[in-house]
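Okay, structure coming up:
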């Protein structure tokens, strides 16, 4: 596992479902990110999944043109994108190229690598931005973990 030493007090973790519906307000998401940046947050941990992660990465990438922030790609294992379709894989590769830093949490797939990725992001942040609409799945579990750890959760 590769480690990156960034100040959790200036770091934000992101979590959200792969399936995104119209309830996600992109303009509000951008306002949330800009508000956090105005408060001194500069590191954004992104799990690199399809759906919310991809949308959030693109919003932050646009903000990065104007603000000094770091996008940290948190990769559960090198095989993360093996089941992505061609378009998703192309976007994943483009995002990896664009990320300021990359952290690979496991050298190969394990049953726990996605959970470990999510916990790593929370453990190294003081805020979680969450797009969670269902009380199941990895994003919901990540939100519960963040709540247990006592970090601020911002629902979008």
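Numbering (the working numbering), first residue to last: 1 to 156.
Quick reminder that beta carbons are idealized off the backbone N, C-alpha and C, glycines included.
Quick caveat, the model's predicted, so the values are computed rather than measured.
Closest by C-alpha distance to residue i, when choosing among the options
| i | options | result |
| --- | --- | --- |
| residue 68 | 34, 51 and 97 | 34 |
| residue 17 | 134, 147 and 154 | 134 |
| residue 78 | 106, 89 and 63 | 106 |
| residue 76 | 145, 19, 138 and 66 | 138 |
Outcome for residue i when other beta-carbon atoms lying within 10 angstroms are tallied against a minimum of 16
| i | result |
| --- | --- |
| residue 48 | buried |
| residue 73 | buried |
| residue 7 | exposed |
| residue 22 | exposed |
| residue 142 | buried |
| residue 164 | The requested residue 164 does not occur in the structure, where the chain is confined to residues 1 to 156. |
Simplified DSSP assignment, three categories, for residue i
| i | result |
| --- | --- |
| residue 11 | strand |
| residue 88 | helix |
| residue 69 | coil |
| residue 83 | coil |
| residue 64 | helix |
| residue 49 | coil |
| residue 32 | helix |
| residue 19 | coil |
Paired residues, beta bridge with residue i - DSSP
| i | result |
| --- | --- |
| residue 103 | 74 |
| residue 155 | 130 |
| residue 44 | 12 and 71 |
Practice problem: Could you say if the region 90–101 and the region 109–119 meet the contact criterion of at least three C-beta pairs nearer than 8 Å? | Solution: no
Quiz item: Quick check: the region 9–23 against the region 49–57, are there 3 or more CB pairs under 8 Å?
Solution: yes
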